[in-house]
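Just so we're on the same page, my numbering is the position in the sequence shown counted from 1, plus 33.
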Amino acid sequence: MTENSTTASPDDVDTVACVGAGVIGGGWVAHFLAQGYRVVAWDPSPEAEQRLRELVRAAWPALEQLGLAPGAAITNLTVAPTLAEAVAEADFVQESAPERLELKQSLLAEIDAAAAPHVVISSSTSGYSMTEMQTRAEAPERLVVGHPFNPPYLVPLVEVVGGDATKEWAVQWASEFYRIAGKSVITMDRELPGFIANRIQEAAWREALHMVDKGEATPEQIDLAMTAGPGLRWAFFGPCLTFHLAGGEGGMAHMLDHFGPSLQAPWTRLESPELTEGLRDAMVAGTQEVAGERSNAELIEQRDRRLIAVMRALSEVDAQEAARSGSQQ
Ligand SMILES: NC(=O)C1=CN([C@@H]2O[C@H](COP(=O)(O)OP(=O)(O)OC[C@H]3O[C@@H](n4cnc5c(N)ncnc54)[C@H](O)[C@@H]3O)[C@@H](O)[C@H]2O)C=CC1
Ligand SMILES: C[N+](C)(C)CC(=O)CC(=O)[O-]
34 MTENSTTASP DDVDTVACVG AGVIGGGWVA HFLAQGYRVV AWDPSPEAEQ RLRELVRAAW
94 PALEQLGLAP GAAITNLTVA PTLAEAVAEA DFVQESAPER LELKQSLLAE IDAAAAPHVV
154 ISSSTSGYSM TEMQTRAEAP ERLVVGHPFN PPYLVPLVEV VGGDATKEWA VQWASEFYRI
214 AGKSVITMDR ELPGFIANRI QEAAWREALH MVDKGEATPE QIDLAMTAGP GLRWAFFGPC
274 LTFHLAGGEG GMAHMLDHFG PSLQAPWTRL ESPELTEGLR DAMVAGTQEV AGERSNAELI
334 EQRDRRLIAV MRALSEVDAQ EAARSGSQQ
């Protein structure tokens, strides 16, 4: 799987560099620390280090509850003064800089120039293809997308995909490394705009924006519609298995034959709404109403407690089912 003997094997990784330490970069730092890695972070903002250390401190109790890897410690975090120093000794690099194509292109080229040969460099981009981001790198074959979900220290999914100039070994190496580092990995064999999960999320998001734009639903109704409805089921069965059950004994075949014709109408009238200032303001005001008096820090605590509760409940059911099927064999 490795390019040559200078590439560490995915289970020999000791040091991870995180470039960009905002919401996602900081979340990655917390995740890799909890998994027992040494982490070197770099971010050009003068406030970044303090913000990052606060984010990690706030996330740590949740990570302790879930169980830290042997040797995991907040003190394994170093903040480097330069990008070159951050990546020089790294066995893997996760880039989480702002979502601007020009910036990603030049930053990935800089990381590529400073990192040891054959170290895999992964971008957290939520929308750009690696093909368009890797254009300025000298060694584009080792650049991949590793698209995480917020917060990366709790939500397991990472979507891994290469660009036209990425070599297959790098995609396989990154997928294997993320698995060892505790993530649930989807390795994609081709680039798709929005990858897989964002394609699905964005379809729901587009509809939410349409409904707010047209005054058909409020952000409060939209959030309740998901949390008390489909969102609950999607935590364990995806939309396919969920709708398979909607077809009764006939399963997915009956569901499509029964509801397909009536569902096609909403499929075909869907287009992106225009993000006007009015729609933007309505979304901001309506969502602020849902947040109420809660600060961002309070919302993050509430989100993390609920994510852990759902993950724990599901793993308990999994364990009970495994024990039951073991006792029946
Ligand atoms: N926020 C989210 O829910 C998700 C974001 N992502 C992706 O993660 C990446 C980062 O997004 P966020 O963390 O949300 O943004 P953010 O704005 O919270 O953080 C970006 C960080 O990058 C730093 N930065 C600015 N210029 C830089 C440079 N030249 N080199 C390195 N760092 C630089 C900023 O100081 C800031 O700390 C983006 O590519 C985004 O698409 C992926 C999944 C989810
Ligand atoms: C808002 N976002 C498109 C950047 C979100 C993601 O890419 C993934 C997530 O965390 O939902």
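Every residue, glycine too, gets a C-beta built ideally from N, C-alpha and C.
* **Pairwise C-alpha distance: Ala113 and Glu253** => The alpha-carbon atoms of Glu253 and Ala113 are separated by roughly 42 Å.
* **Stretch-stretch touch, CB-based, cutoff 8 Å, three pairs: the segment 93-105 with the segment 113-128** => No, the segment 93-105 is not in contact with the segment 113-128.
* Measure the beta-carbon distance from Val364 to Ala203 and round it to whole angstroms, keeping in mind my assumption that it falls under 8 Å. => The structure shown has nothing for residue 364, since the chain only spans 34 to 362.
* Asked: Would DSSP call Ile57 helix, strand or coil?
  -> In the structure shown, Ile57 sits in a helix (DSSP, three-state: H, G or I).
* Please report the residue range of the beta strand (DSSP E) in which Ile219 lies. => For Ile219, the enclosing beta strand (DSSP E) begins and ends at Ser217 to Thr220.
* **In chain order, each alpha helix (DSSP H) run of at least 4 residues that lies wholly inside the segment 104-185** => Runs of the alpha helix (DSSP H) inside the segment 104-185: 116-121, 134-147 and 163-166.
* **Environment of Gly293 [buried if 16+ CB atoms lie within 10 Å]** => Result: exposed.
* Gly281: buried (16+ other C-beta within 10 angstroms of its C-beta) or exposed? -> Residue burial is scored here from C-beta neighbours: Gly281 has fewer than 16 other C-beta atoms within 10 angstroms and is therefore classed as exposed.
* Candidates Pro185, Ser328, Glu135 and Asn183: closest to Met11 by CA position -> Because the chain spans 34 through 362 in this model, residue 11 falls outside it and cannot be assessed.
* Grab the span of the alpha helix (DSSP H) containing Gly319 for me, first residue to last. => Where Gly319 is concerned, the enclosing alpha helix (DSSP H) stretches over Glu310 to Ala324.
* Count the other CB atoms, across all protein chains shown, that sit within 10 Å of the CB of Thr40; report buried if there are 16 or more and exposed otherwise. => By the 10 Å Cβ count, Thr40 comes out buried.
* Would you call the CB atoms of Val191 and Val218 closer than 8 Å? -> Contact flag set, yes.
* Does the Cβ of Pro181 lie closer than 7 Å to at least one heavy atom of ligand 3? -> In the structure on display, ligand 3 does not appear, and the ligands it does have are ligand 1 and ligand 2.
* Asked: Which partner residues does Glu192 have in the DSSP bridge list?
  -> In DSSP, Glu192 forms a bridge with His180 and Ile219.
* **Whole-angstrom distance between Ala355 and Ser348, CA atom to CA atom** => Taking C-alpha positions only, Ser348 is separated from Ala355 by approximately 10 Å.
* To do: Determine, using beta carbons only, whether Leu312 and Asp246 come nearer to each other than 8 Å.
  => It is a contact, given that the beta carbons lie within the stated cut-off.
* Near Gly319, what residues of its chain come up, given a Cβ to Cβ distance below 6 Å and the 5 sequence neighbours on each side ignored? -> Thr251 and Pro252.
* Between the segment 140-152 and the segment 296-307, do three or more beta carbon pairs fall short of 8 Å? -> Verdict: no, contact absent.
* Taking the C-alpha atoms as reference points, what is the distance between Val188 and Gly59? -> Distance between Val188 and Gly59, taken at the CA atoms: about 14 Å.
* To do: Out of Arg86, Ala121 and Ala117, point me to the one whose CA is closest to Thr108's CA.
  => Ranked by how close their Cα comes to the Cα of Thr108, the residues Arg86, Ala121 and Ala117 have Arg86 in first place.
* 7 Å CB neighbourhood of Gly104 in its chain, flanking five on each side removed -> Only residues of its own chain outside the window of five on either side were considered, and among them Gly69 have a CB closer than 7 Å to the CB of Gly104, listed in chain order.
* alpha helix (DSSP H) segment containing Ala330, residue limits -> It spans Asn329 to Gln361 - the alpha helix (DSSP H) in which Ala330 sits, taken as one unbroken run.
* Going by the C-beta, is Gln205 closer than 7 Å to any heavy atom of ligand 2? -> When distances are taken from the beta-carbon of Gln205 to the heavy atoms of ligand 2, even the shortest one reaches 7 Å or more.
* **Cβ-based neighbour list, Arg90, same chain, cut-off 6 Å, excluding 5 preceding and 5 following** => Around Arg90: no qualifying Cβ.
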